[in-house]
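Worksheet: one structure, shown below.
In the numbering used here, the protein residues as written are 3 to 275.
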């Protein structure tokens, strides 16, 4: 049976806890030392592991996603202007060379957005899973969902509007809770809450505007849909900026937490004597 708290180790106590969560981890024999630690207190071959490199990659890819959104907004507004002239003035520029070029660039922008989304999503989930595994070491007791949900939670229909937030909430709490003196501290969850609210909003907006764009047939409908798609892309930029803030904040807190060395999985030499 798995531990009822961390859900990843085998339960060994009557109340369903593993040796890690129950605090019954056996001491090291005399003469042995705990595993060596790398720069900044990160374990070598053990958890926690540094999320810094992955956070840099996520930040860079989010920047690419922002650039793709800006390109899509610019080309989309150009397409909208051409169709608006057709709807209001009867000018057929949309069917000429300028119109074909604008439509082609708009299609390229959509492809760029899709590619950026996939690449960013993959690296973000890898970073998110590492941050969740680190949080398990920092404090397994505040984790609301198992580490697997840091990956799988994004792909469950409907539940993906809530499960990743529960994972992120546990990561935030475990990463932020320790002060230099070993006590507890409270870090406002504003970056977490704003990022998640913007993410959910942009998911809903993209679905609605995507359907409107697909169904638009008349020039006036295309003009309206193109404007809403551009607004959705702008919201996506806001979500990306807030995601960068969230990633950088969690990474910074985990670096600070690891540097303190106050880790439940760490055996302090001499503590068992």
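All C-beta atoms, glycine included, are put in the ideal place defined by N, C-alpha and C. Just so you know, these numbers come straight off a predicted model, no measurement behind them.
Under 8 Å by Cβ, that's how I've got residue 81 and residue 102 pegged, so tell me the actual separation to the nearest angstrom. Locating residue 81 in the chain shown gives position 79, where the first residue counts as 1. Locating residue 102 in the chain shown gives position 100, where the first residue counts as 1. 11 Å between Cβ atoms; not a contact.
So, under 8 Å CB-CB, residue 205 and residue 244 are touching, yes? Tell me the CB distance rounded to an integer number of Å. Numbered from its first residue, the chain shown carries residue 205 at position 203. Numbered from its first residue, the chain shown carries residue 244 at position 242. Incorrect: roughly 14 Å between the Cβ atoms, too far for contact.
Can the beta-carbon of residue 241 be found closer than 9 Å to that of residue 201? Stepping through the chain shown from its first residue, residue 241 is reached at position 239. Stepping through the chain shown from its first residue, residue 201 is reached at position 199. Cβ distance < 9 Å, so residue 241 and residue 201 count as in contact.
With H, G and I counted as helix, E and B as strand and the rest as coil, what does DSSP make of residue 115? Stepping through the chain shown from its first residue, residue 115 is reached at position 113. Residue 115: helix per DSSP, three-state reduction.
How many angstroms separate the CA atom of residue 225 from the CA atom of residue 156? On the chain shown, residue 225 is found 223 positions in, with the first residue counted as 1. On the chain shown, residue 156 is found 154 positions in, with the first residue counted as 1. If you take the alpha carbons of residue 225 and residue 156, they lie about 33 Å apart.
Residue 57 versus residue 247 - alpha carbon distance: Stepping through the chain shown from its first residue, residue 57 is reached at position 55. Stepping through the chain shown from its first residue, residue 247 is reached at position 245. C-alpha separation (whole angstroms): 11 Å.
When you compare the CB positions of residue 63 and residue 118, do they come within less than 9 Å of one another, or not? Locating residue 63 in the chain shown gives position 61, where the first residue counts as 1. Locating residue 118 in the chain shown gives position 116, where the first residue counts as 1. Yes, these two residues count as a Cβ contact at 9 Å.
With distances taken Cα to Cα, identify the nearest neighbour of residue 135 among 143, 128, 149, 69. Residue 135 sits at position 133 when you count from the first residue of the chain shown. For the residues 143, 128, 149, 69, the minimum Cα distance to residue 135 belongs to 149.
Contact test: residue 117 Cβ vs the ligand ZN heavy atom, cutoff 8 Å: The model on display carries no ligand, and the ligand ZN is accordingly not part of it.
Excluding sequence positions up to five away, which residues of its chain have a Cβ less than 8 Å from the Cβ of residue 172? For the purposes of this step, residue 172 is taken as the residue at position 170 of the chain shown. Excluding residues within five positions, the ones whose Cβ falls inside 8 Å are 134, 137, 144, 145, 146, 147.
Where residue 221 falls: helix, strand or coil (DSSP): As a working mapping, residue 221 is identified with position 219 in the chain shown. Helix at residue 221.
Between residue 255 and residue 193, what straight-line distance do the alpha-carbon atoms span, to the nearest angstrom? Residue 255 sits at position 253 when you count from the first residue of the chain shown. Residue 193 sits at position 191 when you count from the first residue of the chain shown. The straight-line gap from Cα to Cα measures roughly 13 Å.
What is the DSSP secondary structure of residue 33, counted as helix, strand or coil? On the chain shown, residue 33 is found 31 positions in, with the first residue counted as 1. Residue confidence is low: residue 33 scores 36 on pLDDT, short of 50, so the model does not pin down where it sits. Its coordinate-derived value is still stated next. In the structure shown, residue 33 sits in coil (DSSP, three-state: anything other than H, G, I, E or B).
Residue 153, enclosing alpha helix (DSSP H) - first and last residue: Residue 153 sits at position 151 when you count from the first residue of the chain shown. Residue 153 -> alpha helix (DSSP H) spans 151–154.
Check the C-beta distance from residue 125 over to residue 59 and give it rounded, since I have them as a contact under 8 Å. Translated into positions along the chain shown, residue 125 becomes position 123. Translated into positions along the chain shown, residue 59 becomes position 57. Yes, they are in contact, since the Cβ atoms of residue 125 and residue 59 sit about 5 Å apart, within 8 Å.
In terms of residues, what are the limits of the alpha helix (DSSP H) holding residue 165? Looking up residue 165 in the chain shown gives position 163. Residues 165–178.
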